[in-house]
Amino acid sequence: MLDKQVYRDTTEVTDEALRRVLANYKQVAALTDAFAGGEPAGFAVGLRADKPQEACGVFGIWGGSADVARTTLLGLMALQHRGQESAGLAVLEENRIRVALGMGRVDQIFRPDEVDALIGVAAIGHTRYSTTGSSRIENAQPILVETGEQALALAHNGNIVNPLELRRLVRERGVEPSTGSDSELLALLILHGQGTWEERIRRMMELASGAYSLTILTNDALFAVRDPFGLRPLCLGWRDDHWMVASESCALDTVSADLVRDVQPGEILRLDGAGLRSDLMADPPQPALCVFEQIYFARPDSVLDGQTAFDSRVAMGRELAKEHPAQADLVIGVPDSGVPAAIGYAQEMGLPLSEGLVKNRYVGRTFIQPDQHSRQSGIRLKFNPLRGAVKDKRVVIVDDSVVRGNTMPQIVDLLRRGGATAIHLRISAPPIAHTCHFGIDMGESESLLAHGRDLEQIRRHLGADTLGYLSLDGLLRAAGERNRCLGCLTGHYPIPVHTASAKDALETDRARDGTAPLRTANAR
11 MLDKQVYRDT
21 TEVTDEALRR
31 VLANYKQVAA
41 LTDAFAGGEP
51 AGFAVGLRAD
61 KPQEACGVFG
71 IWGGSADVAR
81 TTLLGLMALQ
91 HRGQESAGLA
101 VLEENRIRVA
111 LGMGRVDQIF
121 RPDEVDALIG
131 VAAIGHTRYS
141 TTGSSRIENA
151 QPILVETGEQ
161 ALALAHNGNI
171 VNPLELRRLV
181 RERGVEPSTG
191 SDSELLALLI
201 LHGQGTWEER
211 IRRMMELASG
221 AYSLTILTND
231 ALFAVRDPFG
241 LRPLCLGWRD
251 DHWMVASESC
261 ALDTVSADLV
271 RDVQPGEILR
281 LDGAGLRSDL
291 MADPPQPALC
301 VFEQIYFARP
311 DSVLDGQTAF
321 DSRVAMGREL
331 AKEHPAQADL
341 VIGVPDSGVP
351 AAIGYAQEMG
361 LPLSEGLVKN
371 RYVGRTFIQP
381 DQHSRQSGIR
391 LKFNPLRGAV
401 KDKRVVIVDD
411 SVVRGNTMPQ
421 IVDLLRRGGA
431 TAIHLRISAP
441 PIAHTCHFGI
451 DMGESESLLA
461 HGRDLEQIRR
471 HLGADTLGYL
481 SLDGLLRAAG
491 ERNRCLGCLT
501 GHYPIPVHTA
511 SAKDALETDR
521 ARDGTAPLRT
531 ANAR
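Numbering (my numbering), first residue to last: 11 to 534.
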């Protein structure tokens, strides 16, 4: 029933990745030594990125005669910022699900002839950053599960916090999971459930605890599912008699679809030849969208709860200026994510906004690489001060967040070397002092700069003359006074979390109990 196509051989992918890592290491080390004048590099190769890392993006279309594979591919390209490790498509073709997977960015994986060969009535897609499992072809999504008569493909954005319990329930149904993936567990619970697809999905939602925005493709329908708290975004679109769903509205814009609304927390949407059907949760809890979607993750032009992420970030900058004004000559935003808040700060203060830092866009997106060995680029390769703008100036530098404090000290040092006489650092979010359990890779709490440190200790570490964080109240005002998940800021989570989950927790547990050899998972 299933025709699984993996377009790049796993061995070739692994060998190629190793060659790239070694080549990049040598190049970056040489260039950084040159920039530093032969002195020790101003960064540690392999430091974890100083930004939270997103999990993935999902897309789906029920299209009838539409070019569903190509439309999904375009949607995934618009969601590329949510993950660059791997991507995949699943297409429903004459009662058969075909899957194409690959490592890397969407435009690196799919050739036009391969996409043209995927013809069907519906499709789902996924672009991945791993929060569970390692970065290998086996982990790419959509994942496929099947029985003799039924099959489904599933794409998942989020993280489940009770995976060991779910694995036990799956085994009680006589099924042995083949990976260490929480996403596979969700798929198996649905596939081996009882009743209609909607009834099976609803039962899965009663059992699974955590964050999940899902697109699910069966042999007769496409489903969009959002967890009861709405922790991760998911929206509904419409174009030319075709329904679509996506992690962010920017993907709908890319394929010329209109944003209809958000998928509601706890909602199950069924898209098929008969149209659209909604199954709402009877008594959903208070919604709790991750506040970092508005702070950093979502593309600036995406609409979240009726407001673009860009407008939210400008409002955060305005609130930041009200709370932490500075005696300064100009305002600089750290490219690119710090710029909207810098605009708001400059507007509120009546100060000029300057580029200040020139970003080298050919280094690569180090902030979204999955592990320490891939984060090779030094800050001097990525940024250079615009000396004419900052020389002899008192500078306010605005960024959206500081996670571990690895890169900001070097940015401050670059501006001082560029001639800035004073540097006032302003962060348009409260301090991140706690880890995330719901699909965002921030590392353990102990690795976070704000964990266990007061404001003065943080300021000294970052090297700024003054430091100001946006308050929690200011953040919520800018975010629209809506309920949000603030767990990484407050330590209080909407869902009880008893233990932190490592990326390979299920894999390690499977190896420990002897049910399977240690292997990588098909995780996000």
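We treat Cβ as the ideally placed atom computed from N, Cα and C, and that holds for glycine.
- Apart from the 5 residues on each side of it in sequence, Val265 sits with its Cβ closer than 6 Å to the Cβ of Thr81, Leu84, Gly85 in its chain, given in chain order.
- Contact annotation: Ser257 and Arg92 have beta-carbon atoms nearer than 8 Å.
- Secondary structure note for Tyr306: it is in no beta strand (DSSP E), with a DSSP letter that is neither H nor E.
- Counting other Cβ atoms within 10 Å of its Cβ, Thr431 stays below 16 and is therefore classed as exposed.
- Close CB contacts of Asp346 within its chain, under the 8 Å cut and outside five residues either way in sequence, are with Lys369 (chain order).
- Boundaries of the alpha helix (DSSP H) harbouring Thr82: 78 to 88, taken from the DSSP string.
- Remark: C-beta atoms of Ile442 and Val406 do not approach each other more closely than 8 Å.
- In chain order, Met326, Glu329, Leu330, Lys332, Glu333 place their CB closer than 8 Å to the CB of Gly484, counting only its own chain and leaving out the 5 sequence neighbours on each side.
- If you look at Leu279, you'll find it in the beta strand (DSSP E) that goes 278 to 282.
- The DSSP-derived three-state label of His166 is strand.
- Within the model, the alpha-carbon separation for His502 versus Ile170 is close to 17 Å.
- Between the alpha carbons of Glu194 and Leu246 lies a distance of about 24 Å.
- Taking all protein chains shown into account, Asp409 has 16 or more neighbouring C-beta atoms within 10 Å of its C-beta and is therefore buried.
- Looking at the backbone, the Cα of His471 and that of Asp192 are separated by about 37 Å.
- Judged by DSSP secondary structure, Val324 falls within the alpha helix (DSSP H) whose first and last residues are 319 to 333.
- For Ile153 and Ala97, the gap between their C-alpha atoms comes out near 11 Å.
- Counting along the chain, the unbroken beta strand (DSSP E) around Tyr479 starts and ends at 476 to 479.
- The beta carbon of Ser259 lies closer than 6 Å to those of Cys245, Leu269, Ser312, Val313 in the same chain, with the five residues before and after it left out.
- Between Ala150 and Gly70, the C-beta spacing is not below 8 Å.
- Within the segment 120 to 144, the complete beta strand (DSSP E) runs of at least 3 residues fall at 132 to 138.
- DSSP, read as helix, strand or coil, puts Leu499 in helix.
- In this structure, the straight-line span from the alpha carbon of Gly276 to that of Pro297 is close to 9 Å.
- DSSP, reduced to helix, strand and coil, places Arg492 outside both helices and strands of the structure shown, so it counts as coil.
- In the structure shown, the three-state DSSP call for Arg236 is strand.
- Only residues of its own chain outside the window of five on either side were considered, and among them Asp60, Leu459, Ile468, His471, Leu472 have a CB closer than 8 Å to the CB of Gly415, listed in chain order.
- In its chain, beyond the 5 residues on either side, no residue has a beta carbon closer than 8 Å to the beta carbon of Tyr372.
- Closest in alpha carbon position to Pro295, among Gly348, Thr318, Gly240, Asp321, is Gly240.
- Contact between Leu425 and Val400 holds: CB atoms are separated by about 6 Å, below the 8 Å threshold.
- For the options Leu102, Glu209, Gly135, the alpha carbon positioned closest to that of Leu111 is the one of Gly135.
- Secondary structure within the segment 412 to 491: the beta strand (DSSP E) runs of 3 or more consecutive residues, fully enclosed, are 432 to 437, 476 to 479 (chain order).
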